[in-house]
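Report on the following structure.
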Ligand SMILES: Nc1ncnc2c1ncn2[C@@H]1O[C@H](COP(=O)(O)OP(=O)(O)OP(=O)(O)O)[C@@H](O)[C@H]1O
Ligand SMILES: Nc1ncnc2c1ncn2[C@@H]1O[C@H](COP(=O)(O)OP(=O)(O)OP(=O)(O)O)[C@@H](O)[C@H]1O
Ligand SMILES: [Mg+2]
Ligand SMILES: [Mg+2]
């Protein structure tokens, strides 16, 4: 328990120190990689709410990631082209303001999560995995063939969106925003886990019959968890789109969903810093192994395999031992 | 001849030690009762015998060292288990539950159904939808299908109607008369007295008393079992 | 010293295209010791491509980027790279958006404009006197562009127009539609494995109408996997290994000597891109952007395609041929049978603000 | 639209359904029996196709190629079970998902390393080439008819094994309570290796059978994997009958959707637009079907449990 | 009619050809322990499932606190004050004993939608939970993981969770099963006191406990009620002796 706390602190310190060093050494790419890792960690932390606390193995979280991305892309492209987003009874303009975009991303992806949840939570186990995958695929194929926002070619936003008082084009400032979000969400996760809702949700995962018998509706608990989870992942999607200044249907693909799950699992399911450890590790591996040979993915596969075989409960479990860390 | 012999058996669940030294001997054809309050390590002992968890100490069945064998090899030596909580194969029918365990010998599905006619009536039903008592019968029948030399019954009458319970005690008596060795865990001292030759009492993971059934006086029962 | 960053697909299912691009380019750059070339794998993921581009621009300080195979990756990288003042030379992908409204002074397509090969097929279908072609492509922007490209030069009736799913592997349903449609010919654009699957299934279906397609599905690397099913099929291409141009003969033999296989389209584009780059570097340094741009624009190099020049939108003006798949000994390959379009530029040149 | 076209498309739908079943059969076996979400199933499918292509290329015999595919995939499957999966039974399902995800990377890039990046050649054997004339004037590819036959044979064999043999019953028992079946004297590890090998062999067979009419290339397994998952989930996990029905449903929906949806949209918009919108919906059709089935029956058509 | 807390009217439920409930009408009165006994497979758990809402009857009604609850879901009935224990323990094995009881208290409080406060710091919930543990004698095990409990201890925990729910009626499916002699005796005494708080519908095979506790007994055989009455009536009933009790009792 103590060891995990230390590890978490070390990870967090790393996320502050390394980019700081990169600024000093003028290594903008390192900051970029760190930003990528932090955003993935945020997306995975979102998933961890559903997966770790709620036991909901969603293989469709790319939907929320992508919706967040498109919320940014659509709003910013309309602002960029000076065309209104909606011009009917009232008018909605595009925007290049990050806070507004974040709100839009979280709300739309939360709504999507609600809709998908209402339909999917009738199922459980492997069926839930697959029905979320199905919704993911629907969104993906829709985005590919829907021409309005570029279809499979995606949507380029040439300049990063703005945040009052900051120069978001400066890599370290944008990184700071992303890190702040990650910290906020992790704090929320830590609180959530020990909250009344967290307890009820954890019980809904383990013994839904019992939860019903004490007067709570496990499905509603899980639905709320999924909505929170989707909103956080959607927010990560908006940040990711801003990082690349580009959004495309590949953000909605099942491979993306798979990667988000992988981050959580290699880090450690239901561990507070599991998503962080997983995303940082994955991004580092991708970066380092990428140079080894054309067949570098073999090594990536072997590394992942080693983590599963030798570490119970992911990297954090490997270092800190087994067990659900609460109580 | 000793069939099963445990000496100074110890075992743990992760960091928590559950057994601190259990001694137990069962001779061929003998029925031994294992008693003790809740949580004293009866089931844990059974799990060790069946190699469902690792244990230290000597663990010998029919002259063979069990402690290195995987679970299925131990079972094949002739240990039949009726586990605590029944653990029938939920998605299999009654008949399939029996077939899954079958090994050649005197016991076959027909004979089990004669022992428990109710199982015959429910032959095609999914085990998950059987009543508790029916599941218990199935668990006993399933263990018999392996044609064991020693039967372990862990709370085999739990949740049974008095009539059925009587049937099961009768069945246990029949099996014993046939020469089957048995380790019986049950909360009914009265029935155990009738069915078993000897008794062992566990307390906090240790065997604290062992002896012939008739030596189990009210006083012993009082101290160790809280009767 | 000049730095060139190549972003291309080197792992996963699309790797063969990227590998050929890289090999062709590196062959062309051979002996250029003052040019440092960085090659990275984009995994065919747009976000990875963007990040590699950012890295090459910010950390490695490259002057020129090149190598992207796929349109969607190009759309992710090119606008921001050129906006940051870097030059991008396209070895393959050249989507409509970047040829028209989105054209940029620092962006040069060396290969073609995406629609070109489809336009050639349309023109050829018309000149062959087909009256009812059945046309088919996957349902995504490049697919929609391809059918539009075909229709641009084929203005007659169509027997059918079908969009398949991207990544579809079974075409029995489309083949049955072709059979029932009363078509007299078939045009398809099905990139990668889709094309292989279609051709094999089409050959086994007994439909037997003449087939037209863009060169991608009949490229050197793919043909061997299609086998007899491809024999006789006509395809539109701006390059062929039998093109009688001295530079081309040199290229084909040098490539074979270096890598032990026949070059593909992508290798040819890579090779041409290298020579364009060398020709421009001979005249100017990329740090002098205007001079370098002018040098690139003059296209003063020996293209393996023969005549080659840039239109105002900096996409090629070139001849586009029709090739037929033949068997040379054990090897399936193409030979040129007709010239479909002469001095073809691109449909979007007027939308481009550069004049 | 002529009745012949419709009839032919229904036949095509059935055929593609049977083909999907072939891919899904091994997956549902492993998934249902061992509770293992084997993402690497698509890789085993690819292994089968590559083995077949290599052997067919070397010997020219399609039958040898099929045998090689079965053997290679079964061996790969058994090896995977022994080296990796076996250590993960006691773990969370998610660990297994991650492990099989890692295996995809290893298999895909390993195959690329062995065979190169270019697609391989595998053709229909001469004795199954060409078309046959069916009653009603439908001209149909002989090889596709053979595929239907092969798929149905596999279905029958699997059903028999699962429901009628002791092996099948013990496997299903192990699925409910692994520890208990071992305590009853069944060597469940050996059984699982066997099941995994059988499942893998089925995947390999599917790959080899499909190879001649599709592209034998790296990554060929992944789209198929998703479809196969859709199929077994619609049918109900672990149910061979479900996989067959699910396969047919998906095959028909997909084929007829591709034909009919664009026609439908032609009623409201121009031909070109209808083709795009129609096909956009067609590509979502099977997922809509799947979501619909699961909302209606949360454990699939023939599934008993989650 | 004396006002009953919980009653069923002509419940019917069939599983295919098997009729598990055939016109069952029973009543649970204030302050009483009403035992349901019957052979295995008689339909006792099925009846409980219908009362608690996890199984829908084919026909018939369930009334709780004067209200027809037949159409209400389980959780709504629980919120009205119907507390149950399960025949096979339904406990969150990964949680501590304390957390399991806290869940009961949380359910009863009806305020699960609190996301940022610490559940363990909620004094109200804690008090309820600790009281329940104390009453069932589990107070020393509060910090153990539930998976580490023995079978018997888990049975006690089942009861403890039900206690937290501020119940208006208890429905218990074989709470004695798995308890040792000592444990059974303890629980018998406890249930005896509990009846003053809320009436108990008790399904049990432990006849010693049933005869010691029950005010009334209903005997179920093959889905039908064959007898209802006081302990003496039932003991003496030849039909019951034949179908259930045998000669031992
Ligand atoms: N999975 C487990 N993990 C940790 N501790 C356990 C586990 N199972 C049992 N224990 C502990 O081991 C001790 C012995 O348990 P065991 O189940 O053997 O008792 P028992 O004598 O069979 O009791 P009962 O009569 O209640 O079934 C108990 O104190 C229990 O808390
Ligand atoms: N879902 C179901 N499908 C089919 N039959 C069922 C189902 N649930 C229960 N049954 C059958 O209904 C009968 C009544 O079962 P129930 O569990 O109510 O018995 P019970 O009286 O509680 O028995 P016990 O005392 O053994 O627990 C049994 O024969 C059982 O097999
Ligand atoms: Mg026990
Ligand atoms: Mg019951």
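Chains as they are written, first to last, in the numbering used here: chain A, 57 to 383; chain B, 204 to 430; chain C, 3 to 357; chain D, 30 to 335; chain E, 661 to 909. Glycine residues also receive a C-beta, built at the ideal position from the N, C-alpha and C atoms.
Start and end residues, alpha helix (DSSP H) containing residue 23 of chain C: Residues 17-30.
Enumerated in chain order, which unbroken segments of the alpha helix (DSSP H) with a length of 4 residues or greater are wholly contained in the stretch 175-253 of chain C? For the stretch 175-253 of chain C, whole alpha helix (DSSP H) runs of length 4 or above, ordered along the chain, are 195-207, 222-228.
Determine the burial state of residue 63 of chain D: buried for a count of at least 16 other Cβ atoms within 10 Å of its Cβ, exposed for fewer. So residue 63 of chain D ends up on the buried side.
I need the DSSP call for residue 140 of chain C, collapsed to helix, strand or coil. The DSSP-derived three-state label of residue 140 of chain C is strand.
Run through DSSP, which three-state label would residue 68 of chain C get? Of the three classes helix, strand and coil, the one that applies to residue 68 of chain C here is strand, per DSSP.
Let's see if you can read the secondary structure: which residues bound the beta strand (DSSP E) around residue 669 of chain E? For residue 669 of chain E, the enclosing beta strand (DSSP E) has its first and last residue at 664-675.
In whole angstroms, give me the CA-to-CA distance for residue 15 of chain C and residue 151 of chain D. Between the alpha carbons of residue 15 of chain C and residue 151 of chain D lies a distance of about 18 Å.
What I want to know is whether the C-beta of residue 362 of chain B ends up closer than 8 Å to one or more non-hydrogen atoms of ligand 2. At least one heavy atom of ligand 2 lies less than 8 Å from the C-beta of residue 362 of chain B.
Own chain, CB closer than 6 Å to residue 101 of chain C, minus 5 neighbours either side, in chain order: Once the five neighbours on either side are set aside, the close Cβ partners of residue 101 of chain C are 115, 315, 317, 348, 350.
Chain D within 9 Å of residue 176 of chain C, Cβ atoms only: With 9 Å as the cut-off, residue 176 of chain C counts as an interface residue toward chain D.
Any heavy atom of ligand 1 within a distance shorter than 8 Å of the CB on residue 388 of chain B? True, at least one ligand heavy atom lies under 8 Å from that Cβ.
Between residue 358 of chain B and ligand 3, is the CB less than 8 Å from at least one heavy atom? Distance from the C-beta of residue 358 of chain B to the nearest heavy atom of ligand 3 is below 8 Å.
Going by alpha carbons, who is nearest to residue 44 of chain D out of D:328, D:204, D:242, D:254? Among D:328, D:204, D:242, D:254, the Cα nearest to that of residue 44 of chain D is on D:242.
Indicate whether the contact test is met: 3 or more Cβ pairs, each with one atom in the stretch 281-290 of chain A and one in the stretch 163-176 of chain A, closer than 8 Å. Contact annotation: the stretch 281-290 of chain A touches the stretch 163-176 of chain A, with at least three C-beta pairs closer than 8 Å.
Proximity test, residue 833 of chain E beta-carbon vs ligand 2 heavy atom, cut-off 8 Å: For residue 833 of chain E, the Cβ falls inside the 8 Å cut-off from some heavy atom of ligand 2.
Which of the three DSSP states is assigned to residue 167 of chain D in this structure? Strand at residue 167 of chain D.
Residue 706 of chain E at chain H interface by Cβ criterion, 9 Å: Included in the structure are the protein chains A, B, C, D and E, with no chain H among them.
Do residue 99 of chain D and residue 196 of chain D have their CB atoms nearer than 9 Å? Taking a C-beta distance under 9 Å as the contact criterion, residue 99 of chain D and residue 196 of chain D do not qualify as a contact pair.
For ligand 2, is there any heavy atom lying closer than 8 Å to the beta carbon of residue 290 of chain B? No heavy atom of ligand 2 is found nearer than 8 Å to the CB of residue 290 of chain B.
Taking residue 782 of chain E as the query, report the chain A residues whose CB atoms sit under 8 Å from its CB, ordered along the chain. Result: 252.
As an exercise, report each continuous alpha helix (DSSP H) stretch of at least 4 residues that is fully enclosed by the stretch 272-310 of chain B, in chain order. If we require 4 residues or more, the alpha helix (DSSP H) runs fully inside the stretch 272-310 of chain B come out as 274-279, 297-304.
Below 8 Å, is the gap between the Cβ of residue 335 of chain B and the nearest heavy atom of ligand 4? Here the distance from the Cβ of residue 335 of chain B to the nearest heavy atom of ligand 4 is below 8 Å.
Taking just the CA atoms, how far does residue 234 of chain B sit from residue 377 of chain B? Cα to Cα, the separation comes out at about 12 Å.
Give me the Cα-Cα distance between residue 388 of chain B and residue 404 of chain B, rounded to the nearest whole angstrom. Taking the straight line joining both Cα atoms gives about 10 Å.
Report the residue from A:211, A:181, A:113, A:304 whose alpha carbon sits nearest the alpha carbon of residue 134 of chain A. Between residue 134 of chain A and the set A:211, A:181, A:113, A:304, the nearest pair of CA atoms involves A:211.
Anything in the stretch 339-361 of chain A with a Cβ closer than 7 Å to a Cβ of chain D? List those residues in chain order, please. Contacts with chain D (Cβ-Cβ distance below 7 Å) from the stretch 339-361 of chain A involve 351, 353, 354, 356, 357, 358, 360, 361, listed in chain order.
Any beta carbon from chain C within less than 9 Å of residue 325 of chain D's own beta carbon? For residue 325 of chain D, the nearest beta carbon of chain C is not closer than 9 Å to its own beta carbon.
So with CB distances below 9 Å, who are the chain A contacts of residue 52 of chain C? For residue 52 of chain C, the chain A residues whose Cβ falls inside 9 Å of its Cβ are 299, 300, 301, 302, in order along the chain.
In whole angstroms, what is the alpha-carbon distance linking residue 34 of chain C and residue 59 of chain C? When rounded, the separation of the alpha-carbon atoms in residue 34 of chain C and residue 59 of chain C is 21 Å.
Going by the DSSP bridge assignment, what does residue 219 of chain B pair with across the sheet? When beta bridges are read from the DSSP output, residue 219 of chain B appears opposite B:216.
Below 8 Å, is the gap between the Cβ of residue 705 of chain E and the nearest heavy atom of ligand 4? Set against 8 Å, the gap from the CB of residue 705 of chain E to the closest heavy atom of ligand 4 is smaller.
Consult DSSP for residue 415 of chain B and reduce its assignment to one of helix, strand or coil. DSSP places residue 415 of chain B in strand when its eight states are reduced to three.
Nearest-angstrom Cα separation, counted from residue 684 of chain E out to residue 731 of chain E: About 17 Å.
Supposed contact pair residue 147 of chain C and residue 117 of chain C - C-beta distance, whole angstroms, cut 8 Å: Right, the Cβ-Cβ distance comes to about 6 Å (below 8 Å), so this counts as a contact.
Just to confirm, does residue 716 of chain E get its C-beta within under 8 Å of one of the non-hydrogen atoms of ligand 2? For residue 716 of chain E, the distance from the CB to the nearest heavy atom of ligand 2 is not below 8 Å.
Just reading off the beta strand (DSSP E) that residue 163 of chain C is part of, what are its end residues? Looking at the DSSP string, the run of the beta strand (DSSP E) that includes residue 163 of chain C is 162-166.
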